[in-house]
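Okay, so the sequence shown: first residue is 363 according to the numbering used here, each after it adds one.
For glycine and all other residues, C-beta sits at the position ideal for the given N, C-alpha and C.
First up is the structure itself, then whatever we jot down about it.
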Amino acid sequence: MLKRRLIATLIVREGIVVQSINFCRYLPVGKPAIAMEFLNSWGIDEIILVDITASKDRSRKRFEFIEHFSRRCFVPLTVGGGINSVEDIRALLNFGADKIAVNSHCLTSPGFIAEAAHVFGSQCIVVSIDVAGSSPSDYRVYNAAQGDITDMDPVAWAKTVETQGAGEIYLTSVAKDGSKSGFDLALIDLVARSVKIPVIASGGAGNPAHILDVFTKTNASAVSAANFFHFSEHSVITTKSFLRINKIDVRLNTYADYEQACLGDDFRLRKQPDSYLQNLLFEKIEKEVI
Numbered sequence: 363m364l365k366r367r368l369i370a371t372l373i374v375r376e377g378i379v380v381q382s383i384n385f386c387r388y389l390p391v392g393k394p395a396i397a398m399e400f401l402n403s404w405g406i407d408e409i410i411l412v413d414i415t416a417s418k419d420r421s422r423k424r425f426e427f428i429e430h431f432s433r434r435c436f437v438p439l440t441v442g443g444g445i446n447s448v449e450d451i452r453a454l455l456n457f458g459a460d461k462i463a464v465n466s467h468c469l470t471s472p473g474f475i476a477e478a479a480h481v482f483g484s485q486c487i488v489v490s491i492d493v494a495g496s497s498p499s500d501y502r503v504y505n506a507a508q509g510d511i512t513d514m515d516p517v518a519w520a521k522t523v524e525t526q527g528a529g530e531i532y533l534t535s536v537a538k539d540g541s542k543s544g545f546d547l548a549l550i551d552l553v554a555r556s557v558k559i560p561v562i563a564s565g566g567a568g569n570p571a572h573i574l575d576v577f578t579k580t581n582a583s584a585v586s587a588a589n590f591f592h593f594s595e596h597s598v599i600t601t602k603s604f605l606r607i608n609k610i611d612v613r614l615n616t617y618a619d620y621e622q623a624c625l626g627d628d629f630r631l632r633k634q635p636d637s638y639l640q641n642l643l644f645e646k647i648e649k650e651v652i
């Protein structure tokens, strides 16, 4: 069985990583290059970078800045935002992106997915599906570029993008975005069970237990978080250690694993007992008996 993936999403607005709340409020976090450097060193499996400035105003697409970030990124990099042509995809791949996330343009031109998959391969194409609503009866696909709720059913749309050749689905709950209250498990499982391609769950991570819920209660292949990873030290490593302790098969290839560490109720590292730290200070040599 493939290992479960932990993915970080960097939401970039006007060149700055921001904290997104319900797709309508944005709080500054910092420079993308610094965030990417930390995530790489903490052992993230993949990074998704979404330029929401380009998403809402395609005349402001500046793909060349991706080259600067891709040089610092040592894990697979998916890039999205304002992509509406094969030429856009080719440019981003040339600048160092590994995969491309497409969204709003596909809602009116689903054939674009098939065209892109034919030229670059399905493994390169990730379709983002944003969903408004908080229960199965009122789930509808959300057009983030226009700020509109469509009348499209997310399950039907997921099946369509799979048929058109998408390699993965990046699924986000608008209501859960930035809430830190946990994922919409019903939505994730509903969509993940309706398709055979991998589904990346996004929206609502507040602590590692929320991520564990996705892996144990839904068919999602990966979990992505944005805000959650920015505000605590070594958040990726501690999350992966928590998942491994709970029998989730994830890749952990950093020097530190924290599997024996003490975590508080907020899942942040706590000081080890004094006796443990004392033993680290000195090498004990048994008295020699002649």
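Run of the alpha helix (DSSP H) containing residue i, from where it starts to where it stops
| i | result |
| --- | --- |
| Lys602 | Ser597 to Ile607 |
| Ile562 | No alpha helix (DSSP H) contains Ile562, which is instead part of the beta strand (DSSP E) from Val561 to Ser564. |
| Val533 | The identity of residue 533 in the sequence shown is Leu, whereas the question assumes Val. Here Leu533 belongs to no alpha helix (DSSP H); instead the beta strand (DSSP E) covers Glu530 to Ser535. |
| Pro570 | Pro570 to Lys579 |
| Thr371 | Thr371 -> not in any alpha helix (DSSP H); beta strand (DSSP E) instead, spanning Arg367 to Arg375. |
| Ala554 | Leu547 to Ala554 |
| Asn402 | Pro394 to Ser403 |
| Val481 | Gly473 to Phe482 |
Backbone secondary structure at residue i - three-state DSSP
| i | result |
| --- | --- |
| Ile511 | strand |
| Glu429 | helix |
| Thr415 | helix |
| Thr440 | strand |
| Gln634 | coil |
| Ser447 | coil |
| Leu389 | strand |
| Ala567 | coil |
| Ser586 | strand |
Reference residue i; option with closest CA among the options
| i | options | result |
| --- | --- | --- |
| Val503 | Trp519, Val489 and Phe457 | Trp519 |
| Ala582 | Tyr501, Asn505, Leu533 and Ala537 | Leu533 |
| His467 | Glu449, Gly444 and Ala453 | Gly444 |
| Phe427 | Asn446, Ser447, Glu376 and Arg387 | Glu376 |
Residue i and residue j closer than 9 Å at C-beta
| i | j | result |
| --- | --- | --- |
| Val612 | Asp407 | yes |
| Glu595 | Leu631 | yes |
| Leu368 | Ala584 | yes |
| Trp404 | Val561 | no |
| Ser382 | Gly540 | yes |
| Ile414 | Val441 | no |
| Ser490 | Val437 | no |
| Asn465 | Ala506 | yes |
| Ser564 | Ala587 | yes |
| Val536 | Val493 | yes |
| Ala370 | Leu401 | yes |
| Ile573 | Leu605 | yes |
| Leu454 | Ile409 | no |
Where the beta strand (DSSP E) containing residue i begins and where it ends
| i | result |
| --- | --- |
| Ala518 | Note, Ala518: premise wrong, no beta strand (DSSP E); alpha helix (DSSP H) at Pro516 to Gln526. |
| Ile491 | Ile487 to Ala494 |
| Ile383 | Ile378 to Ile383 |
| Ser466 | From DSSP, Ser466 is part of no beta strand (DSSP E) but of the alpha helix (DSSP H) over Ser466 to Thr470. |
| Arg502 | Arg502 to Asn505 |
Cβ-heavy atom distance, residue i to the ligand MN, below 8 Å
| i | result |
| --- | --- |
| Asn608 | Inclusion of the ligand MN in the displayed structure is not the case, the ligand content being empty and no account of it being possible. |
Within 8 Å, do at least three Cβ pairs link the stretch 472-489 to the stretch 525-532? Taking a cut-off of 8 Å for Cβ pairs, the stretch 525-532 and the stretch 472-489 touch, as three or more such pairs fall below it.
For the pair the stretch 423-432 and the stretch 392-402, tell me if three or more CB-CB distances fall below 8 Å. Proximity of the stretch 423-432 to the stretch 392-402 meets the contact definition, three or more beta-carbon pairs being nearer than 8 Å.
Given 8 Å, three or more beta-carbon pairs between the stretch 527-542 and the stretch 480-490: Yes, the stretch 527-542 touches the stretch 480-490.
Would the stretch 506-515 and the stretch 562-580 be scored as touching if the rule is three or more Cβ pairs under 8 Å? Counting Cβ pairs under 8 Å, fewer than three are found: no touch.
Cβ contact (3+ pairs, closer than 8 Å) linking the stretch 590-608 and the stretch 544-562: They do not touch, by the three-pair rule.
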